[in-house]
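**Q**
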Amino acid sequence: RFEHGTGLARARGAPKMGCLASKELPTNAPAGRGPSALGQELWKSTQDLFNRLDRDRDGRINVYELREGALRELELDTTATECATFIGEFSNDSAMDFPDFLEVMCSGAGTPEQVLLRRFNSVRKKLEYNSEDSCSRAG
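Numbering follows UniProt numbering, with no gaps: position 37 of the sequence shown is 37.
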């Protein structure tokens with residue numbers, strides 16, 4: 001399995017080192033606010049969103065939970081295919097654990113909800129492009 005964005009292989013089950021996975025705090029905090037405060041705030045809001053999406057509290061977000069959570073948290077109606085593609089970009093199985101989720105959050109700036117929404121939009125565009133591409137090849 002490859003750790004996304006690094007090109008480095010990592011064994012299944014080995015700890016993931018994302019921007020927040022090691023609880024390293026960002027150093028780009030606004031003047032007057034230490035990186036510690038900004039990092040802890042971001043960490044907590046990311047953890048809160050993960051917990052709201054993980055409805056069965058098993059420590060993983062599956063396709064059903066992600067689809068239901070996108071509607072509830074983002075007012076975004078998604079398909080099972082979009083959710084499966086979303087999860088597949090960050091996990092090798094059918095659900096995302098917290099380190100996988102952190103990897104999603106590290107892929108953009110803004111609140112965790114904003115990052116999640118942008119990632120869903122990216123997945124939709126990717127699926128639309130792939131669908132158009134396969135139609136043009138068939139025609």
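We treat Cβ as the ideally placed atom computed from N, Cα and C, and that holds for glycine.
1) If we count Cβ pairs, one from each stretch, closer than 8 Å, do we get three or more for the region 83 to 103 versus the region 64 to 75?
2) Tell me the DSSP secondary structure of residue 55 in three-state form.
3) Looking at residue 113 and residue 49, is the spacing between their C-beta atoms short of 8 Å?
4) Using the three-state DSSP reduction, which class does residue 97 fall into: helix, strand or coil?
5) With DSSP as the reference, label residue 92 as helix, strand or coil.
6) Of all the options 94, 90 and 121, which has the alpha carbon lying nearest to the alpha carbon of residue 106?
7) Report all residues from its chain with a CB closer than 6 Å to the CB of residue 78; omit the five preceding and five following residues, and keep chain order.
8) Considering only residues of the same chain and omitting the five flanking positions on each side of residue 110, which have a CB-CB separation below 8 Å?
9) Expressed to the nearest angstrom, what Euclidean distance is found between the alpha-carbon atoms of residue 116 and residue 53?
10) Which partner residues does residue 62 have in the DSSP bridge list?
11) Please state the DSSP three-state secondary structure of residue 77.
12) Between the Cα of residue 95 and those of 73, 57 and 132, spot the shortest distance and give me the residue it belongs to.
13) Just mark residue 60 as buried or exposed, buried being the case when its beta carbon has 16 or more other beta carbons within 10 Å.
14) Under the three-state reduction of DSSP, which class applies to residue 107: helix, strand or coil?
**A** On the basis of the coordinates in this document:
1) Yes, since at least three Cβ pairs between the region 83 to 103 and the region 64 to 75 fall closer than 8 Å, the two stretches touch.
2) Assigned with DSSP and collapsed to three states, residue 55 falls in coil, not helix or strand.
3) Contact flag set, yes.
4) Residue 97 sits in a strand when the DSSP states are folded into three classes.
5) Residue 92 falls in the coil class under three-state DSSP.
6) In terms of Cα proximity to residue 106, the closest of 94, 90 and 121 is 90.
7) Taken in chain order, the residues that qualify are 67 and 70.
8) 118, listed in sequence order.
9) Going by C-alpha positions, residue 116 is about 11 Å away from residue 53.
10) Within the DSSP bridge table, the entry for residue 62 names 95 as partners.
11) In this structure, residue 77 counts as coil in the three-state DSSP scheme.
12) From the listed residues 73, 57 and 132, the smallest Cα separation to residue 95 is found for 57.
13) Answer is buried; the Cβ neighbour count reaches 16.
14) Looking at residue 107 - three-state DSSP - the assignment turns out to be coil, as it is neither helix nor strand.
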